[in-house]
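Quick note: the sequence shown uses numbering that gives the first Met the number 0, first residue 0, plus one each step.
Even for Gly, the Cβ is constructed at its ideal location relative to N, Cα and C.
Just so it is clear, the structure is predicted and the values come from calculations on it, not from any experiment.
Structure, as structure tokens:
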Amino acid sequence: MTIPQALQPTRWQFWIDRGGTFTDVVGKRPDGQLVTHKLLSDNPEQYRDAAVAGIRLLLGLAPGVPVTPDLVECVKMGTTVATNALLERKGEPTLLVTTQGFRDALRIAYQNRPRIFDRHIVLPELLYSRVIEAQERIGAHGDVIEPIDEEHLKERLWAAFDAGLRSVAIVFMHGYRYTQHEQAAARLARQAGFTQISTSHQTSPMMKFVGRGDTTVVDAYLSPILRRYVEQVAGEMPGVKLFFMQSSGGLTDAQVFQGKDAILSGPAGGIVGMARTAELAGHGRVIGFDMGGTSTDVSHYAGTFEREFETQVAGVRMRAPMMSIHTVAAGGGSLLGFDGARFRVGPESAGANPGPASYRRGGPLAVTDANVMVGKIQPAHFPRVFGHAANEPLDSDVVAQQFGVLAQQTGRKPEDVAHGFIEIAVQQMANAIKKISVARGYDVTRYTLQCFGGAGGQHACLVADALGMQQVLVHPLAGVLSAYGMGLADQNVIREQAVESPLTEAALPAVQAALDALAAAARADLVRQQASGGAVTVLRRV
């Protein structure tokens, strides 16, 4: 079938995954052909932002030339900006406003003891830096026990603003259902000049104070960082439609992208790409093995996307829909260490700058270097994007020299030392896959291992052997499958609400009414985002 000339697309689309080490770009040309490019995420001498630099390179534009809507139809993107800010605790300084008497409720939380025999317990660092206790209280059934003292709250909000805080999380007792006090506090915060205001009834409208509170604080802590990044990218592409991948596996308009939905922005694109390409290839049950520069993400897929609605990320409880992904700190950039007695791989990573030793930036030995040492990575066939001018091949000489030093320390050959490190990394990845498969009752030997990510192909067969798996699926775009997944994903909106009621026949009309209201709100949200292409599907779950 030929498409009439008038209907043929005349503009590019770009699908991008900005990872911790590499940024992958898939460009769909006006004639429908796909082209790919991979560049270091952090290379300040060459470009300000890797994603925009990749777009310019594929379009043939000079650095600094704006990307315009007459060239580009849309950009769909996943980013680790929020994830890294949370892991490194580099989010926006945040104020917590809560009900009087509950200032320490999120610190005390559930008093979990995940490591029960530790004598010295180190609690994760708090995300909020200051607390205001509002004089207010609404009871569990909506009765106003203490009206909100607006003057008292206003005074303290102004003081926090004067101290330099611009982001606020508002979490009141029973605020998920009775919202009037949170709305009043948000109004006062706006008047005081706060630029990021996250209220619990909008961010996480579910019962349980701690989970709701933590999610609201995360949203206030990460959203400003995310917004600055979105504005930076949008500023170099004025007028171009920009979408971001959410942790739930659906795209959203850049302007409404929130911190709480950005934690798994990059890996979620990989799962969408994995699932869609596996089904096209006739594989119904796959284990996703996505090995990048910083970490390895493993996932289970057997016909439906698995999502978690309550998770813990970097010591923080989160109540937001996320793809079910298990991450282990073993990537191409994971550092190799020898402490005199044993070899270690990770969890620290060399990142994109300086990167592994072979990247020509004076970096330490990493998993990638071990693969260079044993000949699995051939510098002659690898992109020339290294060195300070970003145009040199990998440096195999420095790798041989550093493994030579380790060989002298251990009394083994340099190649054997490198093999030993690779075996340790493979075991770490195989154990991660066991957690999401064997430990949950799935017979992993009946699954196909779908291997993707820049470093996946170097280890896929070893990982499959360690697990007794018979088949490995490698898509032609495996090296950039997370970016490809951005282009295969749908736009989605997930809305939640708590209904407290005995589950009887009589309760069903109320449940149906609540679902109808959520569906209408979600549909209106998609329309507001100018969702393009095709019908809207509504999935209802209780």
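Starting from the Cα of valine 437, find the closest Cα among His458, Ala454 and Met468 and give me that residue.
One-based indexing of the sequence shown puts residue 437 at position 438. Nearest of His458, Ala454 and Met468 to valine 437, Cα basis: Met468.
Quick one: what's threonine 310 bridged to in DSSP?
Position 311 of the sequence shown, counted from the first residue, corresponds to residue 310. For threonine 310, which the question treats as bridged, DSSP gives the partners Met317.
Please list the terminal residues of the continuous alpha helix (DSSP H) segment that includes alanine 521.
One-based indexing of the sequence shown puts residue 521 at position 522. That run of the alpha helix (DSSP H) goes 507-527.
Three or more C-beta pairs under 8 Å: does that hold for the region 144-160 against the region 194-201?
No contact exists between the region 144-160 and the region 194-201.
From glutamine 32 to proline 68, what distance separates their C-alpha atoms?
Position 33 of the sequence shown, counting from 1, holds the residue named residue 32. Position 69 of the sequence shown, counting from 1, holds the residue named residue 68. Near 19 Å, if we compare the C-alpha coordinates of proline 68 and glutamine 32.
Exposed or buried, what is asparagine 111 when buried is set at 16 or more other beta-carbons lying within 10 Å of its beta-carbon?
Reading the sequence shown from its first residue, position 112 is the one you call residue 111. Result: exposed.
Helix, strand or coil for isoleucine 2? Go by DSSP, reduced to three states.
Taking the sequence shown and counting its residues from 1, the one referred to as residue 2 is at position 3. Because isoleucine 2 carries a pLDDT of 37, less than 50, the predicted location of this residue cannot be relied on, and no value is offered for it.
Taking C-beta to C-beta, are alanine 351 and serine 128 nearer than 8 Å?
Here residue 351 is taken as the residue at index 352 of the sequence shown, counted from 1. Here residue 128 is taken as the residue at index 129 of the sequence shown, counted from 1. Going by C-beta atoms, alanine 351 is not nearer than 8 Å to serine 128.
Drop a sphere of 10 angstroms on the beta-carbon of lysine 434, count the other beta-carbons inside from all chains shown, and report buried for 16 or more, exposed for fewer.
For this step, residue 434 is matched to residue 435 along the sequence shown. Its Cβ having fewer than 16 others within 10 Å, lysine 434 is exposed.
For proline 346, which residues of its own chain have a beta-carbon under 6 Å away from its beta-carbon, when the five flanking residues on both sides are left out?
For the purposes of this step, residue 346 is taken as the residue at position 347 of the sequence shown. If we look at proline 346 and ignore the five residues flanking it on each side, its Cβ neighbours are Ala328.
Where does histidine 119 fall in DSSP's three states?
Here residue 119 is taken as the residue at index 120 of the sequence shown, counted from 1. Three-state DSSP puts histidine 119 in coil, outside helix and strand.
Quick one: Cα of tyrosine 446 to Cα of glycine 59, how far?
What you label residue 446 is simply residue 447 of the sequence shown in a count that begins at 1. What you label residue 59 is simply residue 60 of the sequence shown in a count that begins at 1. Distance between the alpha carbons of tyrosine 446 and glycine 59 is about 42 Å.
Can you list, in chain order, the stretches of the alpha helix (DSSP H) that have 4 or more residues and sit fully within the region 444-517?
Counting whole runs of 4 or more residues, the region 444-517 contains the alpha helix (DSSP H) stretches 455-466 and 480-487.
Counting only runs of 3+ residues fully inside the region 199-258, write out the beta strand (DSSP E) ranges in chain order.
Within the region 199-258, the complete beta strand (DSSP E) runs of at least 3 residues are 240-244 and 250-252.
Hey, could you find the ends of the beta strand (DSSP E) histidine 546 is sitting in?
Lying outside 0 to 541, the shown extent of the chain, residue 546 is not represented and no answer is given.
Just list the alpha helix (DSSP H) runs in the region 338-400, keeping only unbroken ones of 4 residues or longer that don't cross its boundaries, in chain order.
If we require 4 residues or more, the alpha helix (DSSP H) runs fully inside the region 338-400 come out as 366-372.
Measuring straight from C-alpha to C-alpha, what distance separates alanine 185 and histidine 151?
Looking up residue 185 in the sequence shown gives position 186. Looking up residue 151 in the sequence shown gives position 152. Going from the Cα of alanine 185 to the Cα of histidine 151 covers about 14 Å.
Using three-state DSSP, classify alanine 168 as helix, strand or coil.
Counting from 1 along the sequence shown, the entry for residue 168 is found at position 169. Of the three classes helix, strand and coil, the one that applies to alanine 168 here is strand, per DSSP.
Identify the continuous beta strand (DSSP E) that holds histidine 325 and give its terminal residues.
Stepping through the sequence shown from its first residue, residue 325 is reached at position 326. Here the beta strand (DSSP E) through histidine 325 covers 325-327.
Between Ala319, Arg360, Ile286 and Ala356, which lies nearest to leucine 466 when the distance is taken from Cα to Cα?
Here residue 466 corresponds to residue number 467 of the sequence shown, with the count starting at 1. Minimum Cα distance to leucine 466 is reached at Ile286.
Might you give, ordered along the chain, the residues of its own chain that have their beta carbon closer than 7 Å to the beta carbon of phenylalanine 256, omitting 5 neighbours on each side?
Here the question's residue 256 lines up with position 257 in the sequence shown. Leu225, Val229 and Phe243, listed in sequence order.
Measure the C-alpha to C-alpha separation of glycine 410 and valine 404 and round it to an integer number of angstroms.
Locating residue 410 in the sequence shown gives position 411, counting from the first residue. Locating residue 404 in the sequence shown gives position 405, counting from the first residue. Cα to Cα, the separation comes out at about 10 Å.
Smallest Cα separation from alanine 365: which of Phe342, Gly386, Asp117 and Arg383?
The count along the sequence shown starts at 1 and reaches residue 365 at position 366. Checking every option, the nearest Cα to that of alanine 365 belongs to Phe342.
With distance defined between alpha-carbon atoms, name the residue in Ala516, Phe385, Ala168 and Pro92 nearest to phenylalanine 21.
To locate residue 21, count along the sequence shown from 1; it is residue 22. Residue Phe385 is the option with its Cα nearest to phenylalanine 21.
Express the C-alpha separation of valine 471 and proline 29 in angstroms, rounding to a whole number.
For this step, residue 29 is matched to residue 30 along the sequence shown. For this step, residue 471 is matched to residue 472 along the sequence shown. Taking the straight line from one Cα to the other gives about 33 Å.
Which same chain residues end up closer than 8 Å to methionine 0 when comparing Cβ atoms and leaving out the 5 residues on each side of it in sequence?
Residue mapping note: residue 0 aligns to position 1 of the sequence shown, counting from 1. The predicted model places methionine 0 with a pLDDT of 35, which falls under 50 and marks its position as unreliable; any figure quoted below should be read in that light. Within the same chain, methionine 0 has no close Cβ partners at all.
Is the beta carbon of leucine 38 closer than 8 Å to that of alanine 52?
Position 53 of the sequence shown holds residue 52. Position 39 of the sequence shown holds residue 38. Contact: yes.
Helix or strand or just coil, what does DSSP make of valine 260?
In the sequence shown, residue 260 corresponds to position 261, counting from 1. Residue identity differs from the one stated: residue 260 is aspartate in this sequence, not valine. Reduced to three states, the DSSP call for aspartate 260 is helix.
To the nearest whole angstrom, what separates the beta carbons of threonine 310 and methionine 321, a pair I think is in contact under 8 Å?
Counted from its first residue, the sequence shown places residue 310 at position 311. Counted from its first residue, the sequence shown places residue 321 at position 322. So it is a contact: roughly 6 Å between Cβ atoms.
Compute the Euclidean distance between the alpha carbons of histidine 180 and methionine 273, then round it to the nearest angstrom.
By one-based count along the sequence shown, residue 180 stands at place 181. By one-based count along the sequence shown, residue 273 stands at place 274. Whole-angstrom Cα-Cα distance: 45 Å.
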